[in-house]
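A.B. asks:
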Amino acid sequence: MADLHTGVIGFATVLYCLSDYSKRRFLWGPDSYDSISTAKAALPRWNFSIFLWSHSTLWFEIVFHAAILVALAFMIFGGRALTLVQAVMMWSLHNRNQDILEGGDNLAQILILFMVFTVSNAYFAPGAKQRRARMREQEQPTVPTVLHNLAAFLIVFQTAVLYFAAGYWKITGKMWQDGVAMYYISRITGFEMSSAYAHLMNNAFVGTAVCYFTIFIELALPFAILSARPWVRKANTVALEGLHLGIMAFMGLICFGLLMIGADCTGLRDDDYRSLARRFRSVKDLLSQRRWAPLPKGGMTPVAMLAGQDGAPDA
6 MADLHTGVIG FATVLYCLSD YSKRRFLWGP DSYDSISTAK AALPRWNFSI
56 FLWSHSTLWF EIVFHAAILV ALAFMIFGGR ALTLVQAVMM WSLHNRNQDI
106 LEGGDNLAQI LILFMVFTVS NAYFAPGAKQ RRARMREQEQ PTVPTVLHNL
156 AAFLIVFQTA VLYFAAGYWK ITGKMWQDGV AMYYISRITG FEMSSAYAHL
206 MNNAFVGTAV CYFTIFIELA LPFAILSARP WVRKANTVAL EGLHLGIMAF
256 MGLICFGLLM IGADCTGLRD DDYRSLARRF RSVKDLLSQR RWAPLPKGGM
306 TPVAMLAGQD GAPDA
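Residue numbers (our numbering): 6 to 320.
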């Protein structure tokens, strides 16, 4: 769970920086339209951004490119130290200009604080196999293990609370009750990738179904997480990821969708991922098997060989 989340947050941060790389000074630099003094005034007293420490363009360039490099390293290697540095960089980047944030950053900023205490490099990072072997050799739970389990619980809990609250507020809204919320959302031209989404929501049945489906899967997440049936957790997670893939495709909120998909993955347990990995390997082995035996020297096809064995007359 933590490894997947690490990769998603790192990739989303890199994409967030590179997508507007040519406009970086206008959006985040010392001479940005959102001046340093304005950005400082908008921050709560307990918040921070190292981009606001200096008016120097050189300082901005160093910090901005360091944020990209840290996100790349975090995505590949993980680990507690890199997670802490990534948290500082991500908070600083988001707090420098809050006008261009897409919404997923709010959850990511909270979850990455918990991720500092998790083992986020046990499966996909270089040296993961040896790291897992050392962890299995531990006879008794250690303090880092206890902190990992507590942080993992808090990540899942925070995600479940977010989705349940989102579903609750939707179900109390009249537009969602009437099934027309998606229709009005599709009319927001600022989040329009193509006219396909608006055309789909023109259909009253489709628009209402999408509204109610969204409410259902958001309210269902806490119960799916607690369910003893793995297929319930998997089905709900796939539905949520499908929802956010749709948001990415139709509304262009790429970083938001990625960050939320990373959060969606926390709804599955380790056993769920192991079963999915086994199924993936079995499908891969099945596809890699040769469907037909090699042609014999005589050139007879496998079908003809079988027909001859069954006593079919010669041509």
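In this text, a Cβ means the ideal position worked out from N, Cα and C, and glycines have one as well. All of these numbers come straight from a predicted model, not from anything done at the bench.
Please say whether K175 and T219 have beta carbons closer to each other than 8 Å?
C.D. replies: yes
A.B. asks: In whole angstroms, what is the alpha-carbon distance linking E66 and Y188?
C.D. replies: The straight-line gap from Cα to Cα measures roughly 42 Å.
A.B. asks: Return the first residue and the last residue of the alpha helix (DSSP H) that S59 is part of.
C.D. replies: Unbroken run through S59: none, as it is neither H nor E.
A.B. asks: Can you look up Q91 in the DSSP assignment and give me helix, strand or coil?
C.D. replies: helix
A.B. asks: Are the beta-carbon atoms of G267 and V13 separated by less than 8 Å?
C.D. replies: yes
A.B. asks: CB I81 to CB L32, shorter than 8 Å?
C.D. replies: No. Outside cutoff.
A.B. asks: What number of angstroms, rounded off, separates the C-alpha of R139 from the C-alpha of T62?
C.D. replies: 45 Å
A.B. asks: Using 8 Å as the Cβ pair cut-off and three pairs as the minimum, do the segment 83-102 and the segment 112-132 touch?
C.D. replies: When C-beta atoms of the segment 83-102 are compared with those of the segment 112-132, three or more pairs fall below 8 Å, so the two segments count as touching.
A.B. asks: For a test of your reading of the model: does the CB of Q135 fall under 7 Å from any non-hydrogen atom of the ligand ATP? Yes or no.
C.D. replies: The ligand ATP is not among the ligands present in this structure, which contains no ligands whatsoever.
A.B. asks: Any chance the segment 251-260 sits against the segment 271-290, with 3 or more Cβ pairs inside 8 Å?
C.D. replies: no
A.B. asks: Is it true that the CB of T11 sits closer than 8 Å to the CB of F69?
C.D. replies: no
A.B. asks: For V151, does the count of other Cβ atoms within 10 angstroms reach 16, so buried, or fall short, so exposed?
C.D. replies: Residue burial annotation: V151 is exposed, with fewer than 16 other C-beta atoms found within 10 angstroms of its C-beta.
A.B. asks: Would you mind reading off the limits of the alpha helix (DSSP H) that contains N207?
C.D. replies: Element bounds for N207: n/a, residue is neither H nor E.
A.B. asks: By Cβ distance, which residues of its chain are closer than 6 Å to Y168, with the 5 residues on each side in sequence left out?
C.D. replies: E223, L226
A.B. asks: Which whole-angstrom value is the C-beta distance of I41 and S97, which I expect to be below 8 Å?
C.D. replies: The Cβ separation is near 13 Å, so there is no contact.
A.B. asks: May I have the straight-line CA-CA distance separating L324 from M198, to the nearest angstrom?
C.D. replies: The chain is shown only over 6 to 320; residue 324 falls outside these bounds and no answer can be derived.
A.B. asks: Rounded to a whole number of angstroms, what is the C-alpha to C-alpha distance between G172 and C216?
C.D. replies: Near 10 Å, if we compare the C-alpha coordinates of C216 and G172.
A.B. asks: Output needed for A38: all residues of its chain with C-beta closer than 7 Å, excluding positions within five of it in sequence on either side, in chain order.
C.D. replies: In the sequence on display, residue 38 carries Tyr and not Ala. So the list reads F31, once near-sequence residues are dropped.
A.B. asks: Would I160 and L116 qualify as a contact pair, given that the criterion is a beta-carbon distance under 8 Å?
C.D. replies: yes
A.B. asks: Drop a sphere of 10 angstroms on the beta-carbon of H204, count the other beta-carbons inside from all chains shown, and report buried for 16 or more, exposed for fewer.
C.D. replies: exposed
A.B. asks: Pick from Q114, W58, L57: whose alpha carbon is nearest that of Q163?
C.D. replies: Q114
A.B. asks: Where does I193 fall in DSSP's three states?
C.D. replies: coil
A.B. asks: Locate the alpha helix (DSSP H) running through W174, then write down its first and last residues.
C.D. replies: 148-176
A.B. asks: Is A72 buried or exposed, if buried means 16 or more other CB atoms sit within 10 Å of its CB?
C.D. replies: buried
A.B. asks: Would you say F53 and N102 are within 8 Å of each other, going by their C-beta atoms?
C.D. replies: no
A.B. asks: Report yes if the C-beta distance between R141 and A127 is below 8 Å; otherwise report no.
C.D. replies: no
A.B. asks: Please report the straight-line C-alpha distance between H60 and S125, rounded to a whole angstrom.
C.D. replies: 35 Å
A.B. asks: Hey, out of T43, V19, L258, R283, whose CA is closest to M95's CA?
C.D. replies: V19
A.B. asks: What three-state label does DSSP hand M198 in the structure shown?
C.D. replies: coil
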